[in-house]
Structure formats: C-alpha cells, structure tokens
Ligand SMILES: O=C(O)CCC(=O)C(=O)O
C-alpha cells in the first residue's frame, strides 16, 4: 500500500517510484515468459501484431523494441495487476473500479536500443476524464546507462502539447516548439531502481527516454490503467474486449465528464502500430536515434 505521503507526491509531481512491488518469484516467471517470446521472434522479419523490431533485428541476434500487449501473450503478465500489491496501489490512486487500457513490454535492447521522444500518453488516447496513469515495472535493475524512463515532474499540470509532424499525428513533441518552452527537460526524473520497482506516471506527464548505451537490455513492462468511467473519446471498437480489461470493480455505461484539454490524434499516424516509426517523422529530435553513439542532444 502507498503511504499518504506517496499519494501526495504522485499528485504533486505526476511521477512516483515504488520499490519491491514484484517479488523474486514473479520476476523470475516474467523473465522466463519474456525469454520464450523473444526466442519466437527469431522467425519474424517485420513488425507485426506482437513484435516491434529494432532495425538491426536478425534471427541470429534477436533485437526487439517492444512486445505488444504482453498481457495477451502470457498469463503472468495478465495476472500481475489483478492481485497483490499493484492492485492495492491502483485502487488507492484511481478508485474501486479500474480498467486496463493497454500493456507493452519495451525491451530497449543493449548497445543502442531505441530512444523514445518526449510525449504525453493522453495525446494518444484522450478520454472523458483524466483518471488515468501508467505503471512501468522494471524486470531488471535499471541504471542511467540503460536509458531509463525520464518523467518531467509537474508537467501533468500543464497543457496538452502538439504531437503532430508533417500534418499527421506522430506521437512525439517537437522539443523546439515554442508552446513547450516552459518545460524544463533537465528536471526530468530518471526512473532508475532495482528489479521489482515500479514507476507510476500521470497520463498528462511529459516523458521519454534515451537510447540504451549499456551492454544490458532494459526490459520495462508498462501498463496503462484508468477509472472505469473514463471512456475513450475516439470510441470503443469492441465492447466485450473493453469490458474484459476490467481489473477490479464494476464497468459502467455512464462516463464521467471532466473539463479536460483535448487534442485528437488526427489525422491518424502513417504507421499504425509503431510509435518508434511514427516518431521518426519528427524533424528535430531531442534524443539521438538508436544507431550511432547513444547520447542525448541535451542533458536530461
Ligand atoms: O520505454 C520507455 O522508456 C518509454 C515508454 C513510453 O513512454 C511508451 O512506450 O509510450
């Protein structure tokens, strides 16, 4: 359970780190499931519904940017938020009725695994209210050289920024856009810690991460959660699937409306399914791309 101080910290900064949320057995089961999914990627040569590949992925040396929807790939990833400490934390921050929005496992491969440009999750999926957050579970110890998730504290209180490039949604913010001049990228909090630690960031929080310069991958299991009464403004395609993502409590057909700032992610991104490919549309990047020396353009 979170202390009142931790809850206040989350609301004040839009980012919170909590240690020891996954125990050694859970981490071992997740690593085994992950190894199996990675092994199967040897036969894959292009992005698909499960894998987002690093540009230098090969059968001999699998290199993955992301495993999509891991909760659908192995029960250990589906079960984790539905019981134990994470469930208690979600209830404390969101309330009794919680739905999972999505899950992903960002691997950030060793020796140059891809950076992710600054963005706000809200820009991808505005809802009727902002009772939404993302949880990142570190499957291995994460240090600065691994390219940790970076979250700008207080940015969850700011506006929703433009995430378009070349006239389309690209899922990234132009770091030189004067609209975001007040953002202090150098103040970003690095989500580093021991395996089993989680980060929790608010759906408005501006975040990103540099490439991985270390010889070790940085597997980060990410889930997004929301109050059951937060309904997606872009619509619900499959009601049964939507309801099957309830983690606890009751679904509802009465969305709660809040006066939230909204920019729709339109016109739709060119390459649906890969944030990494779409962010490449951005002319000015903050982080160096994966190839070449993996450094940030500006210190963060
Ligand atoms: O993997 C990371 O460091 C960033 C995760 C993220 O923001 C995302 O996948 O949208």
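In my numbering, the protein residues as written are 4 to 303. Cβ atoms here follow ideal geometry from the backbone N, Cα and C, with glycine treated the same way.
Practice prompt. Leaving aside the five residues before and after residue 69 along the sequence, list all residues of the same chain whose C-beta is less than 6 Å from its C-beta, in chain order.
Written response: In the chain shown, the residue the question calls residue 69 occupies position 66. Within the same chain, residue 69 has close Cβ partners 55, 107, 109.
Discussion item. Taking 8 Å as the cut-off, does the stretch 42 to 62 touch the stretch 229 to 242 (at least 3 CB pairs, one atom from each stretch)?
Written reply: no
Worksheet item: Anyone know if the C-beta pair for residue 282 and residue 120 falls short of 7 Å?
Response: Position 279 of the chain shown, counted from the first residue, corresponds to residue 282. Position 117 of the chain shown, counted from the first residue, corresponds to residue 120. Annotated as proximal: residue 282 and residue 120, with beta-carbon spacing under 7 Å.
Worksheet item: How about residue 159 and residue 208: are their beta carbons less than 7 Å apart?
Response: The residue you call residue 159 lines up with position 156 of the chain shown. The residue you call residue 208 lines up with position 205 of the chain shown. Cβ distance < 7 Å, so residue 159 and residue 208 count as in contact.
Worksheet item: When the Cβ atoms of the stretch 210 to 217 are set against those of the stretch 150 to 158, are three or more pairs found closer than 8 Å?
Response: yes
Worksheet item: Straight-line CA distance for residue 28 to residue 181?
Response: In the chain shown, residue 28 corresponds to position 25, counting from 1. In the chain shown, residue 181 corresponds to position 178, counting from 1. Each residue's alpha carbon lies about 48 Å from the other.
Item to complete: Could you spell out where the beta strand (DSSP E) holding residue 101 opens and where it closes?
Response: By 1-based counting over the chain shown, the position of residue 101 is 98. Note, residue 101: beta strand (DSSP E), 101 to 109.
Worksheet item: So residue 242 is in the alpha helix (DSSP H); what residue range does that whole segment cover?
Response: As a first step, residue 242 must be located in the chain shown, where it is residue number 239. That run of the alpha helix (DSSP H) goes 242 to 247.
Worksheet item: When you compare only the Cα positions, how much space is there between residue 7 and residue 134?
Response: For the purposes of this step, residue 7 is identified with residue 4 of the chain shown, where counting begins at 1. For the purposes of this step, residue 134 is identified with residue 131 of the chain shown, where counting begins at 1. Going from the Cα of residue 7 to the Cα of residue 134 covers about 18 Å.
Practice prompt. Taking residue 114 as the reference, give the member of 267, 220, 35 with the closest Cα.
Written response: Position 111 of the chain shown, counted from the start, is the residue given in the question as residue 114. Cα-wise, what sits closest to residue 114 is 220.
Worksheet item: With burial defined as no fewer than 16 other Cβ atoms inside 10 Å of the residue's Cβ, what is the status of residue 48: buried or exposed?
Response: Locating residue 48 in the chain shown gives position 45, counting from the first residue. Residue 48 comes out exposed.
Practice prompt. Measure the alpha-carbon distance for residue 32 versus residue 12 and round it to whole angstroms.
Written response: Walking along the chain shown from the start, residue 32 turns up at place 29. Walking along the chain shown from the start, residue 12 turns up at place 9. Distance between the alpha carbons of residue 32 and residue 12: 31 Å.
Fill in: For residue 222 and residue 147, the rounded distance between their alpha carbons
Your numbering for residue 147 matches position 144 in the chain shown. Your numbering for residue 222 matches position 219 in the chain shown. Rounded to whole angstroms, residue 147 to residue 222 spans 14 Å at the Cα level.
Discussion item. With DSSP as the reference, identify every bridge partner of residue 227, one or two as the case may be.
Written reply: As a first step, residue 227 is located in the chain shown; it is residue number 224 there, counting from the start. In DSSP, residue 227 forms a bridge with 105, 137.
Worksheet item: Excluding five sequence neighbours on each side, which residues of the same chain lie with their C-beta closer than 6 Å to the C-beta of residue 77?
Response: Counting from 1 along the chain shown, the entry for residue 77 is found at position 74. Within the same chain, 36 come within 6 Å of residue 77 by CB-CB distance, once the 5 residues on both sides are set aside.
Practice prompt. Determine the DSSP secondary structure at residue 234, reduced to helix, strand or coil.
Written response: For the purposes of this step, residue 234 is identified with residue 231 of the chain shown, where counting begins at 1. It is coil, neither helix nor strand.
Fill in: Neighbourhood of residue 285 by C-beta, 7 Å cutoff - its chain only, sequence neighbours within 5 removed
By one-based count along the chain shown, residue 285 stands at place 282. Answer for residue 285: 120, 168, 173, 175, 177, listed in chain order.
Worksheet item: So which of 103, 149, 62 has the shortest CA-CA distance to residue 116?
Response: Taking the chain shown and counting its residues from 1, one reaches residue 116 at position 113. When each option's Cα is compared against that of residue 116, the closest is 149.
Fill in: Residues near residue 79 in its chain [Cβ-Cβ closer than 6 Å; skip 5 each side]
Taking the first residue of the chain shown as position 1, residue 79 is located at position 76. These residues qualify, in order along the chain: 32, 33, 36.
Worksheet item: Does at least one heavy atom of ligand 1 sit under 6 Å from the Cβ of residue 109?
Response: The residue you call residue 109 lines up with position 106 of the chain shown. Yes, since a heavy atom of ligand 1 falls inside the 6 Å radius drawn around the Cβ of residue 109.
Worksheet entry | Contact belief for residue 229 with residue 85 at Cβ below 8 Å, rounded distance in angstroms | Here residue 229 refers to the residue found at position 226 of the chain shown. Here residue 85 refers to the residue found at position 82 of the chain shown. So it is not a contact: roughly 15 Å between Cβ atoms.
Worksheet item: Can residue 227 and residue 126 be called in contact, C-beta distance under 7 Å?
Response: The sequence position of residue 227 within the chain shown is 224, counting from 1. The sequence position of residue 126 within the chain shown is 123, counting from 1. It is not a contact, given that the beta carbons lie outside the stated cut-off.
Worksheet item: Just reading off the alpha helix (DSSP H) that residue 265 is part of, what are its end residues?
Response: Walking along the chain shown from the start, residue 265 turns up at place 262. It is not in any alpha helix (DSSP H) - residue 265 carries neither H nor E in the DSSP assignment.
Discussion item. Given this structure, state the Cα-to-Cα distance separating residue 72 from residue 190, to the nearest angstrom.
Written reply: Here the question's residue 72 lines up with position 69 in the chain shown. Here the question's residue 190 lines up with position 187 in the chain shown. C-alpha separation (whole angstroms): 31 Å.
Worksheet item: What do you reckon, are the CB atoms on residue 81 and residue 74 nearer than 7 Å?
Response: Position 78 of the chain shown holds residue 81. Position 71 of the chain shown holds residue 74. Closer than 7 Å, so yes.
Worksheet item: So, helix, strand or coil for residue 143, using DSSP?
Response: Counting from one through the chain shown, the residue named residue 143 turns up at place 140. Three-state DSSP puts residue 143 in coil, outside helix and strand.
Worksheet item: From which residue to which residue does the alpha helix (DSSP H) around residue 259 run?
Response: Within the chain shown, numbered from 1, the residue matching residue 259 stands at position 256. First-last for residue 259: undefined, no H or E at that position.
Worksheet item: Do residue 196 and residue 20 have their CB atoms nearer than 7 Å?
Response: Position 193 of the chain shown, counted from the first residue, corresponds to residue 196. Position 17 of the chain shown, counted from the first residue, corresponds to residue 20. Contact: yes.
Item to complete: Examine ligand 1 and report whether any of its heavy atoms sits within less than 6 Å of the Cβ of residue 186.
Response: Counting from 1 along the chain shown, the entry for residue 186 is found at position 183. At a cut-off of 6 Å, the beta-carbon of residue 186 does not count as near ligand 1: no heavy atom of the ligand is closer than that.
Item to complete: Measure the beta-carbon distance from residue 131 to residue 260 and round it to whole angstroms, keeping in mind my assumption that it falls under 8 Å.
Response: Here residue 131 is taken as the residue at index 128 of the chain shown, counted from 1. Here residue 260 is taken as the residue at index 257 of the chain shown, counted from 1. That belief holds up - the Cβ atoms of residue 131 and residue 260 are roughly 5 Å apart, short of 8 Å.
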